Amino acid sequence: MHLLSEASPRISQDKVLFELTNLSYTYPNGTVGINDLTINISRNDRIALVGQNGSGKSTLVRHLNGILPVQQGALLYDGEPLTTDIINQLRLQVGILFQDPDNHLFCNTLYEDVAFGPMNQGLQQAEVDHLVKKYLAAVDLEPLMYKPAHLLSYGQKKRAAFAAILAMQPDVLVLDEPTANLDPHHERVFKELLTEFNGTLIVIDHDLLFLYDICERSIVLSNGHLHHDFSMHELVGHQQALHDHGLDFNFRFSCCGQHQPAGTHHHHLPHTHDHNNKSHLKKASGESILLE
């Protein structure tokens, strides 16, 4: 497992972890979720997955641990097609934080909710207990560990669900709108935990500053199609791409080095900005910088 290991390298390895080739998915009501997607996700990639609502982001990530089946095209994990055995392996190694935290919280207490994953991984009780307390403490919920989830606020539920995912020590971490309904302090807590995570990270979010600090690569979807595969540095400097996909906003760049639109290369370039610099982007007119 790769969680919170301070010494691991941040640069993505060359080995392809997920290989999507012409992947398409249509829901039973006829809605097209994704259409002819071809994307490689390498081990230790740190990806911001962005696009307008309905662009296919959630559909894509739900393929990555077998929640949605492959209808058309191909999806390989570590070079293998998604057989039943591989899907079972994926569900142990890929942690997904859904938008709705209630999808993760169904036991009598927070302790049981967070312990559920590690117990199903076959860990010993002492290790389960350690992981539960470690990650509830990390999200400031250890004092509430014996409370039922229905007594929590939405933001507290979000933090509890995150702790439940972290306690499984996934190799791949996928988060769908992780900052929704979080106060600034706990958004910083999430950011710190994700910065320290050294596995493969895929984040769907609308907060540009949050994404810029934790991700190195950006994948832009539109109407189920892949439209851009940029470094994060390229994305924030590519005004036309942001505008074309409804990601336009008013801001200026102070230390990104991008005052003019970047080139229109549709490939993944190395990302070199400093994740420890907390003032990469400056707000214009005091407004929050959000991808919408």
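Residues in the sequence shown are numbered consecutively from 4, following this note's numbering.
Glycine is no exception: its CB is placed at the ideal position from the N, C-alpha and C atoms.
Here the structure is a predicted model, which is why all the values come from computation and not from measurement.
For residue j and residue i, the rounded distance between their alpha carbons
{"i": "residue 266", "j": "residue 237", "result": "Low confidence applies here, because residue 266 scores a pLDDT of 40, under 50, leaving its location unreliable; read the following figure in that light. If you take the alpha carbons of residue 266 and residue 237, they lie about 8 Å apart."}
{"i": "residue 178", "j": "residue 204", "result": "8 Å"}
{"i": "residue 107", "j": "residue 201", "result": "23 Å"}
{"i": "residue 113", "j": "residue 141", "result": "14 Å"}
{"i": "residue 187", "j": "residue 194", "result": "10 Å"}
{"i": "residue 135", "j": "residue 50", "result": "27 Å"}
{"i": "residue 88", "j": "residue 29", "result": "24 Å"}
{"i": "residue 104", "j": "residue 184", "result": "11 Å"}
{"i": "residue 66", "j": "residue 73", "result": "7 Å"}
{"i": "residue 235", "j": "residue 213", "result": "11 Å"}
{"i": "residue 197", "j": "residue 25", "result": "30 Å"}
{"i": "residue 64", "j": "residue 98", "result": "11 Å"}
{"i": "residue 56", "j": "residue 227", "result": "11 Å"}
{"i": "residue 116", "j": "residue 166", "result": "9 Å"}
{"i": "residue 157", "j": "residue 91", "result": "30 Å"}
{"i": "residue 21", "j": "residue 215", "result": "23 Å"}
{"i": "residue 32", "j": "residue 189", "result": "38 Å"}
{"i": "residue 243", "j": "residue 231", "result": "12 Å"}
{"i": "residue 2", "j": "residue 94", "result": "As shown, the chain starts at 4 and ends at 295. That puts residue 2 outside it, with no answer to give."}
{"i": "residue 152", "j": "residue 229", "result": "38 Å"}
{"i": "residue 68", "j": "residue 147", "result": "30 Å"}
{"i": "residue 168", "j": "residue 241", "result": "34 Å"}
{"i": "residue 129", "j": "residue 176", "result": "24 Å"}
{"i": "residue 225", "j": "residue 70", "result": "22 Å"}
{"i": "residue 111", "j": "residue 58", "result": "36 Å"}
{"i": "residue 206", "j": "residue 127", "result": "31 Å"}
{"i": "residue 133", "j": "residue 161", "result": "21 Å"}
{"i": "residue 150", "j": "residue 247", "result": "46 Å"}
{"i": "residue 154", "j": "residue 118", "result": "19 Å"}
{"i": "residue 38", "j": "residue 80", "result": "19 Å"}
Reference residue i; option with closest CA among the options
{"i": "residue 163", "options": "174, 143, 178 and 179", "result": "143"}
{"i": "residue 181", "options": "226, 100 and 71", "result": "100"}
{"i": "residue 60", "options": "198, 243 and 222", "result": "222"}
{"i": "residue 174", "options": "199, 156 and 239", "result": "199"}
{"i": "residue 172", "options": "84, 122 and 80", "result": "122"}
{"i": "residue 62", "options": "95, 34, 155 and 241", "result": "34"}
{"i": "residue 298", "options": "91, 43 and 53", "result": "No statement about residue 298 is possible, as the shown extent of the chain runs from 4 to 295 and does not include it."}
{"i": "residue 138", "options": "48, 207, 120 and 53", "result": "120"}
{"i": "residue 46", "options": "58, 18, 70 and 31", "result": "18"}
{"i": "residue 245", "options": "208, 40, 53 and 160", "result": "53"}
{"i": "residue 41", "options": "23, 27 and 86", "result": "23"}
{"i": "residue 124", "options": "39, 225, 160 and 170", "result": "170"}
{"i": "residue 192", "options": "159, 209 and 224", "result": "159"}
{"i": "residue 102", "options": "145, 208 and 27", "result": "208"}
Residues bridged to residue i [DSSP beta-bridge criterion]
{"i": "residue 198", "result": "Its beta-bridge partners do not exist; DSSP assigns none."}
{"i": "residue 45", "result": "19"}
{"i": "residue 75", "result": "27"}
{"i": "residue 35", "result": "29"}
{"i": "residue 207", "result": "179"}
{"i": "residue 50", "result": "205 and 220"}
{"i": "residue 40", "result": "26"}
Kindly provide the ranges of any beta strand (DSSP E) runs that are 3 or more residues long and lie completely inside the segment 150-199, ordered along the chain.
Taking 3 residues as the minimum length, the beta strand (DSSP E) runs contained wholly in the segment 150-199 are 175-179, in order along the chain.
What residue ranges within the segment 87-149 form continuous alpha helix (DSSP H) runs of no fewer than 4 residues, ordered along the chain?
Entirely contained in the segment 87-149, the alpha helix (DSSP H) runs reaching 4 residues are, in chain order, 87-96, 113-123 and 128-141.
Segments assigned alpha helix (DSSP H), at least 4 residues, entirely inside the segment 211-251:
Counting only unbroken stretches of 4 or more residues, the alpha helix (DSSP H) elements lying wholly within the segment 211-251 are 211-217, 235-240 and 242-247, in sequence order.
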